[in-house]
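Scroll down for the structure; my scribbles are underneath it.
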Amino acid sequence: MKIYLSGKISGTDLSHTRKRFSDVADKLQSLGHEVINPLCNGLSETDPWEEHIAKDIINLIDCEGIYMLQGWEDSQGARIEHAVAKEIGLKVMYE
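The end of the sequence shown is residue 98 by our numbering, with every number in the run present.
Right under this line is the structure:
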């Protein structure tokens, strides 16, 4: 299954967040899933948030499921991704 990772990124320690997203991606890949990591969306950390969320939604709608990392509720972007995923009928999974 092609799975999009979603969780709080803005306002976090990016080195810790990168490792966390990478660890979850590795776990899901070891189970045979293709994982889309929003931290690897081709945009720079300095690009505007609006560009990131737009690119992330484009990547999300090409997936079959979304995996919500713990604490996602504290992220505006993750809440948007969650709502879109539910609206378009993706399988929603929670850490």
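The C-beta atom is built at its ideal place from N, Cα and C for all residues, glycine as well.
Note that the structure is a prediction, hence the values are computed from the model and not measured.
{"Check": "Three-state secondary structure (DSSP) of E37", "Outcome": "strand"}
{"Check": "Short Cβ contact (8 Å threshold) for I6 with H36", "Outcome": "yes"}
{"Check": "Simplified DSSP assignment, three categories, for I6", "Outcome": "strand"}
{"Check": "First and last residue of the uninterrupted beta strand (DSSP E) at K94", "Outcome": "K94 to Y97"}
{"Check": "G80: first and last residue of the uninterrupted alpha helix (DSSP H) it sits in", "Outcome": "Q79 to E90"}
{"Check": "Opening and closing residue of the beta strand (DSSP E) in which I60 lies", "Outcome": "Run containing I60: none in the beta strand (DSSP E); it sits in the alpha helix (DSSP H), W52 to L63."}
{"Check": "Cβ neighbour criterion (16 or more within 10 Å) applied to H85", "Outcome": "buried"}
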